[in-house]
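Novice: One structure, pasted below without further comment.
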Amino acid sequence: MQEQLVETDVLCVGGGIAGLMAAIRAREMGATVVVAEKGNVKYSGCGRAGNDHFETYIPDVHGKDKGAFIEELLRTAKGEILLGRDIFRAQFLKSFDIVKLWDSWGIPMKYKGKWEFAGHSFPGRTMTHIKYEGRMQKRVLEKQALDRGAQIMNRVMVFELLRNSKGVIGAIGTHTREDTVIAFQAKAVILGTGKCSRLYPPLTPGWMFNDPHGGVQSGDGRAMAYRAGAELQNVEMPQRHIGPKYFTKFGQATWIGVLKDPQGKPLGTFVNKPNRKYGDMIMEVNKLVAEQYTRAGKGPVYMDCTDITEEDYQYMVHWMEHEGNISLLDHMKDEGIDFRKHPIEFATYPLRAGGLIVANEKAETSIKGLYAAGDEAYGDISAAATFGWISGENAAAYSEKAKAPDVEEERAKINKNKQLIDRLRGRQHGPDWEETNIALQQIMHDYAGSVRNQALLNQGLNNLLRLKEKVDTQMMARNQHELWRCLEVLNLLDLGQLVFLMGSDRKETRGLHVRPDYPFTNPMLDQAHIIKLKAGKPAIQWRSYEGGR
Amino acid sequence: MPPVIDHEKCTRCGKCVDICTEDVFFGSEEGEVPTVTYPKECIHFSGCVYECPVGAITLRVPLPMMLVHKP
């Protein structure tokens, strides 16, 4: 095994929207920047194939009263956001600057010369999302980062942070194609590693890459942040999405149609014929609606676009291409499926991991020099872009004053991780990453799934710890590709454990955390649920959203 | 399984190998037609299909992923 040392002021872990925006801004501020990306930044992250909607506050449109706008948003679609007002405000005050930047860089943010507001909004309420042509957004951001002199290292998975008593000093990564370990010596590290797929079973049994987020996002950032002592929040709170069955894809707000039952009756109350401005918000009010109808014997549920006008059809297809759904359109063409003729079945997608790294309005985590942006802290493309930028700016400013780090301080940890890789690569027999991942998904589904109670959570944690013991001594990787997947699964195992610990501690029913042993939502717990390692042991606390971050 | 490479058309440029996020082409040799080593890790967003300069790649959608529509 080779070991390579890479020195930089700012290390961006993950080259999605947040990571590239962070790199661009940190370079502008004069810091040296390295982006470490598991895949290739051209097509990585949730924005890999495009996006068509960007949440923003435009004073000329929404009025100059920022406070009123934010209050309106907190009351509507974003009312449940688990972040706190300061973060929310930081996003909205900066997002329009980002819109203008993107437009100037060649990501068309206007439609026919104007800001085009549509989707993700209730009829009559404030419109918050502009349509934009984001199909080539990753290419544009890659170019901007390279033009400013950021160094991009594709095919490198960062899997462990290095820190001393004062703060972060770097990270350890492995090349996904070559037998090389990389020690990153960095004054500041930005985690932009995205969402967490593959903790729960997929829609298609056994086919875990049929996931709208892709398979590569395995919660690496939050797992390594936790191991390094940073705070995580609400890890036990799962999420679900809704979309076309079985070709799982995002972009429900891009569909111009009405969600209907088999008899053609609309499920919801917001629209009864296709409306290009609003789509059908019933899916955002209740993403479980498709599953509930099916379980009640009233399904299946269809997204019915058959009443669409030809003009609106062209409009929808245009945005579908930008939203990253070109493969869905190609598949429909191959199969002779037409939005104008065929209602498409929609499904509630399975449970997936929630949670985030606690970061404040400057994207600072609870560890000095460690920042988090994008889905690890505050998701969706607009927040990823804005907080990517904010994190890059603050990380660069921090690195200017920070003492030169020395990763040799953490030589023992580097060596320990090299030994871990040697063990995984050295074994000739044993479970591979896929077998381990399936075993983990089975535990999560059965013991921390859609219904939980204390006995289930206790049993599940016990099962997971037994699985971990086996994995420690038996898991094997046949090559570097499988090694990368093994390291992802090790992160998922840690996050699964946190779901059990935090799920046990949350003694209430709230959202998708359903506990018949505590059937009511406890308003006293309208707070952030936080876990961190304290003297090597998990410590859980509740904290007001508005303070202390 | 996805993606499917037309050996006649493929110019062995390696663009698809370079850009695939999930690295389904892991182990492909430079100057050879790429090998689809990990087809089950394909996430079907057609990056390779549209990146290929000669249109040599098609995406075969797996049977369990077929889109469902009202008959």
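Chains as they are written, first to last, in this note's numbering: chain P, 1 to 549; chain X, 1 to 71.
Idealized CB from N, CA, C, for every residue including glycine.
All values reported here derive from a predicted model rather than from experimental measurement.
Any beta carbon of chain B sitting closer than 8 Å to that of X:Thr35?
Specialist: Annotation note: the requested chain B is absent from the structure, which comprises protein chains P and X.
Novice: Does any residue of chain X have a CB that is nearer than 8 Å to the CB of P:Thr619?
Specialist: Nothing in the structure corresponds to residue 619 of chain P, since chain P is present only between 1 and 549.
Novice: For the beta strand (DSSP E) containing P:Arg485, list its first residue and its last residue.
Specialist: Per DSSP, P:Arg485 belongs to no beta strand (DSSP E); it is in the alpha helix (DSSP H), Gln480 to Asp505.
Novice: Hey, does X:Lys9 have any beta-carbon neighbour from chain P nearer than 8 Å?
Specialist: No, X:Lys9 lies away from the interface with chain P (no Cβ there is under 8 Å from its Cβ).
Novice: P:Met332 touches chain X at which residues, Cβ-Cβ below 7 Å?
Specialist: Correct list: Leu67.
Novice: Would you mind stating whether P:Phe184 and P:Val6 have Cβ atoms separated by less than 8 Å?
Specialist: Contact flag set, yes.
Novice: Considering only DSSP beta bridges, list what P:Leu232 is partnered with.
Specialist: P:Leu232 is bridged to P:Ile357 and P:Ile531.
Novice: Looking at P:Val10 and P:Ala373, is the spacing between their C-beta atoms short of 8 Å?
Specialist: No, Cβ-Cβ distance for P:Ala373 and P:Val10 is not below 8 Å.
Novice: So is P:Asn415 buried or exposed if we call it buried at 16+ other beta carbons inside 10 Å?
Specialist: Label assigned to P:Asn415: exposed.
Novice: Given that P:Trp207 touches chain X, what residues does it touch there, using C-beta distances under 8 Å?
Specialist: Per Cβ cutoff of 8 Å: Lys40, Pro62, Pro64 and Met65.
Novice: Thinking P:Ile256 and P:Gly279 are a contact (beta carbons under 8 Å), I'd like their distance in whole angstroms, please.
Specialist: That pair is a contact at about 6 Å.
Novice: Just to confirm, are P:His322 and P:Gly113 a CB contact at a threshold of 8 Å?
Specialist: No, the pair does not count as a contact, with Cβ atoms beyond the cut-off.
Novice: For P:Phe117, does the three-state DSSP call read helix, strand or coil?
Specialist: Reduced to three states, the DSSP call for P:Phe117 is strand.
Novice: Using the Cα positions of P:Lys187 and X:Leu63, report the straight-line distance between them to the nearest angstrom.
Specialist: Cα to Cα, the separation comes out at about 48 Å.
Novice: Is there a Cβ of chain P sitting closer than 8 Å to that of X:Ile120, yes or no?
Specialist: No answer is possible for residue 120 of chain X: it lies beyond the span of chain X, which begins at 1 and ends at 71.
Novice: Using a Cβ-Cβ cut-off of 8 Å, state whether P:Gly14 counts as contacting chain X.
Specialist: By this cut-off, P:Gly14 is not an interface position.
Novice: Quick check on P:Phe339: buried or exposed, where buried means 16 or more other Cβ atoms within 10 Å of its Cβ?
Specialist: P:Phe339 should be labelled buried.
Novice: I'd like to know if P:Lys245 contacts chain X, where contact means its C-beta is closer than 8 Å to some C-beta of that chain.
Specialist: With 8 Å as the cut-off, P:Lys245 counts as an interface residue toward chain X.
Novice: To be precise: take each residue of the segment 12–25 of chain X, compare its Cβ to all Cβ atoms of chain P, and keep it if any distance is under 8 Å. Which residues remain?
Specialist: Listed by position, the residues of the segment 12–25 of chain X near chain P (Cβ gap below 8 Å) are Asp18, Ile19, Cys20, Thr21, Glu22 and Asp23.
Novice: Which residue's Cα is closest to the Cα of X:Cys16: X:Met66, X:Ser46 and X:Lys40?
Specialist: Per the Cα distances, X:Ser46.
Novice: In chain order, what residues of the same chain lie with their CB nearer than 7 Å to the CB of P:Ile70, ignoring the 5 residues before and after it?
Specialist: Taken in chain order, the residues that qualify are Phe88, Arg89 and Phe92.
Novice: Quick check: what's the CA-CA separation for P:Thr180 versus P:Tyr313?
Specialist: For P:Thr180 and P:Tyr313, the distance between alpha carbons rounds to 50 Å.
Novice: Tell me the rounded alpha-carbon separation between P:Asp147 and P:Gln137.
Specialist: Rounded to the nearest angstrom, the two C-alpha atoms are 15 Å apart.
Novice: DSSP three-state label for P:Met303, please.
Specialist: P:Met303: strand per DSSP, three-state reduction.
Novice: Could you check what DSSP says for X:Val24 in three-state terms: helix, strand or coil?
Specialist: The answer is coil: DSSP assigns X:Val24 none of H, G, I, E or B.
Novice: Got a sec: which bits of the segment 256–276 of chain P sit with their beta carbon under 7 Å from any beta carbon on chain X, in order along the chain?
Specialist: Answer in chain order: no residues at all.
Novice: Mind reading off the beta-carbon distance from P:Ile421 to P:Thr174? Whole number of angstroms is fine, and I expect it under 8 Å.
Specialist: Correct: roughly 6 Å between the Cβ atoms.
Novice: Mind listing the chain X neighbours of P:Glu345? Cutoff is C-beta to C-beta under 9 Å, in chain order.
Specialist: Within chain X, the residues near P:Glu345 are Leu67, Val68, His69 and Lys70.
Novice: What are the start and end residues of the beta strand (DSSP E) that includes P:Asp9?
Specialist: Looking at the DSSP string, the run of the beta strand (DSSP E) that includes P:Asp9 is Gln2 to Val13.
Novice: Please return the same chain residues whose Cβ sits closer than 7 Å to the Cβ of P:His331, not counting the five positions on each side in sequence.
Specialist: These residues qualify, in order along the chain: Phe247.
Novice: Using a C-beta to C-beta distance shorter than 7 Å, which residues of chain X count as neighbours of P:Ala49?
Specialist: Under the 7 Å cutoff, chain X gives Phe45 and Gly47.
Novice: In the structure shown, what three-state DSSP assignment does P:Gln419 receive?
Specialist: Helix.
Novice: Identify whether X:Glu30 lies in helix, strand or coil by the three-state DSSP scheme.
Specialist: Correct three-state label for X:Glu30: coil.
Novice: What is the rounded straight-line gap between the Cα of P:Gly369 and the Cα of X:Arg12?
Specialist: Each residue's alpha carbon lies about 44 Å from the other.
Novice: How should P:Ser544 be labelled, buried or exposed, when 16 other C-beta atoms within 10 angstroms of its C-beta is the threshold for buried?
Specialist: That one is exposed.
Novice: Do P:Val33 and P:Thr8 have their C-beta atoms closer together than 8 Å?
Specialist: Yes, the pair counts as a contact, with Cβ atoms nearer than the cut-off.
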